[in-house]
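Participant: So that we are looking at the same thing, I have put the structure below in structure tokens.
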Amino acid sequence: DGGITQSPKYLFRKEGQNVTLSCEQNLNHDAMYWYRQDPGQGLRLIYYSQIVNDFQKGDIAEGYSVSREKKESFPLTVTSAQKNPTAFYLCASTGTGGRQPQHFGDGTRLSIL
Amino acid sequence: EDQVTQSPEALRLQEGESSSLNCSYTVSGLRGLFWYRQDPGKGPEFLFTLYSAGEEKEKERLKATLTKKESFLHITAPKPEDSATYLCAVPNTGFQKLVFGTGTRLLVSP
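Read top to bottom, the protein sequences are chains A and B.
To convert, count from 1 in the first sequence and add 37; that's our numbering.
To convert, count from 1 in the second sequence and add 545; that's our numbering.
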């Protein structure tokens with residue numbers, strides 16, 4: 038079955054540590070996205086990539102970094118510069134055409150130790 | 546700035562009690578609207594896309610409608626398994642990203 042796989046489901050970060058969240062899709066989608074979801078705030082866009090080797094900052098990119106070396110993969114690194122990383126992180130992808138819906142993975146919950 | 550507002554924030558229904566959720570948007574030109582369902586601890590699940598005012602889509606007990614300023618998600622005779630958070634979203638100018646509302650948490654009691 039085609040879909041988006043996020044791992045791990047739960048992740049804990051220590052002070053000063055960088056952590057990387059994995060996102061893999063087998064939908065042959067060109068565009069991929071990372072969102073952060075906090076209670077009462079809805080989904081906020083962190084980074085997005087519309088093509089391999091290219092990505093753009095979203096609304097809350099500070100303290101995060103991404104790479105897009107393969108079409109299928111769009112990992113997100115939460116750096117130590119992100120002072121409030123505790124949240125539910127969602128990865129999404131969509132095909133080309135502008136009006137296609139985004140499809141989501143089942144998320145990674147990141148907490149601080 | 547593109548903006549999406551959903552109401553109510555939370556809604557509690559008895560099984561079989563029909564109701565509607567609202568999604569109002571302010572965007573420069575109607576470019577479509579998406580509805581999603583999200584269960585606790587899961588990613589949003591795509592439900593509907595509406596492209597133009599007057600359009601309607603149905604799936605089981607759910608029916609989505611669209612006007613030039615808002616969309617409604619009508620839930621007819623809901624069941625407890627319809628309990629979830631319902632999100633709506635619109636594409637921004639240039640179709641680079643989706644702008645999401647904060648969602649409506651629906652709880653259907655047996």
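Ideal Cβ positions, reconstructed from N, Cα and C, are used throughout, including at glycine.
Out of B:S564, B:E546, B:F579, point me to the one whose CA is closest to E615 (chain B)'s CA.
Facilitator: Mapped onto the second sequence, residue 615 (chain B) falls at position 70. Among B:S564, B:E546, B:F579, the Cα nearest to that of E615 (chain B) belongs to B:F579.
Participant: With C-beta atoms as the reference, is S597 (chain B) less than 8 Å away from L618 (chain B)?
Facilitator: What you label residue 597 (chain B) is simply residue 52 of the second sequence in a count that begins at 1. What you label residue 618 (chain B) is simply residue 73 of the second sequence in a count that begins at 1. No.
Participant: How far does the beta strand (DSSP E) with V653 (chain B) in it reach, from first residue to last?
Facilitator: Your numbering for residue 653 (chain B) matches position 108 in the second sequence. Note, V653 (chain B): beta strand (DSSP E), 649-654.
Participant: From this set, B:F591, B:G577, B:L595, B:I620, which residue's C-alpha is nearest V653 (chain B)'s C-alpha?
Facilitator: Locating residue 653 (chain B) in the second sequence gives position 108, where the first residue counts as 1. When only C-alpha atoms are compared, the closest one is B:I620.
Participant: Along the stretch 565-585 of chain B, where does the CB come closer than 7 Å to a CB of chain A? Name the residues.
Facilitator: So the list reads G577, F579, given in the order they occur along the chain.
Participant: Just tell me which of B:K642, B:R650, B:L651 has its CA closest to the CA of Q548 (chain B).
Facilitator: The residue given as residue 548 (chain B) occupies position 3 in the second sequence. Nearest of B:K642, B:R650, B:L651 to Q548 (chain B), Cα basis: B:K642.
Participant: Is the number of C-beta pairs between the stretch 96-109 of chain A and the stretch 52-71 of chain A that are closer than 8 Å three or more?
Facilitator: Enough Cβ pairs lie closer than 8 Å, so yes.
Participant: Just how far apart, CA to CA, sit R73 (chain A) and N567 (chain B)?
Facilitator: As a working mapping, residue 73 (chain A) is identified with position 36 in the first sequence. As a working mapping, residue 567 (chain B) is identified with position 22 in the second sequence. Whole-angstrom Cα-Cα distance: 23 Å.
Participant: Determine, using beta-carbon pairs with one atom in the stretch 94-103 of chain A and one in the stretch 133-143 of chain A, whether at least three such pairs fall under 8 Å.
Facilitator: Contact fails: fewer than three Cβ-Cβ distances are below 8 Å.
Participant: Under a Cβ-count criterion, where at least 16 other Cβ atoms within 10 Å of its own Cβ denotes burial, should T123 (chain A) be classed as buried or exposed?
Facilitator: Here the question's residue 123 (chain A) lines up with position 86 in the first sequence. Classification of T123 (chain A): exposed, given that the 10 Å Cβ count is below 16.
Participant: Between the stretch 631-654 of chain B and chain A, which residues of the former have a C-beta closer than 9 Å to a C-beta of the latter?
Facilitator: Answer in chain order: L632, A634, P636, G639, F640, Q641, K642, L643, V644, F645, G646, T647, G648.
Participant: Is the beta carbon of G561 (chain B) closer than 8 Å to that of A629 (chain B)?
Facilitator: Your numbering for residue 629 (chain B) matches position 84 in the second sequence. Your numbering for residue 561 (chain B) matches position 16 in the second sequence. Result no, Cβ atoms of A629 (chain B) and G561 (chain B) do not sit closer than 8 Å.
Participant: Does DSSP classify D584 (chain B) as helix, strand or coil?
Facilitator: Reading the second sequence from its first residue, position 39 is the one you call residue 584 (chain B). DSSP places D584 (chain B) in coil when its eight states are reduced to three.
Participant: Go to F640 (chain B), then tell me how far its beta strand (DSSP E) extends in each direction, as first and last residue.
Facilitator: In the second sequence, counting from the first residue as 1, residue 640 (chain B) sits at position 95. Counting along the chain, F640 (chain B) falls outside any beta strand (DSSP E), and DSSP gives it neither H nor E.
Participant: Mapping DSSP to helix, strand and coil, what is E626 (chain B)?
Facilitator: As a working note, residue 626 (chain B) is residue 81 in the second sequence. Three-state result, E626 (chain B): helix.
Participant: Restricting to runs no shorter than 3 residues, where is the beta strand (DSSP E) found entirely within the stretch 548-582 of chain B?
Facilitator: Runs of the beta strand (DSSP E) inside the stretch 548-582 of chain B: 548-552, 555-559, 564-571.
Participant: Excluding five sequence neighbours on each side, which residues of the same chain lie with their C-beta closer than 8 Å to the C-beta of S565 (chain B)?
Facilitator: Along the second sequence, one-based indexing puts residue 565 (chain B) at 20. Cβ within range, chain order: F617, L618, H619, I620.
Participant: Decide if P589 (chain B) is buried, meaning its Cβ has at least 16 other Cβ atoms within 10 Å, or exposed.
Facilitator: For this step, residue 589 (chain B) is matched to residue 44 along the second sequence. Per the 10 Å Cβ criterion, buried.
Participant: Taking only beta-carbon positions, decide if K608 (chain B) is within less than 8 Å of chain A.
Facilitator: Numbered from its first residue, the second sequence carries residue 608 (chain B) at position 63. Taking Cβ atoms only, chain A never reaches closer than 8 Å to K608 (chain B), which makes this a no.
Participant: Within 10 Å of its beta-carbon, does P76 (chain A) have 16 or more other beta-carbons around it, so buried, or fewer, so exposed?
Facilitator: Locating residue 76 (chain A) in the first sequence gives position 39, counting from the first residue. Exposed, because fewer than 16 other Cβ atoms sit within 10 Å of the Cβ of P76 (chain A).
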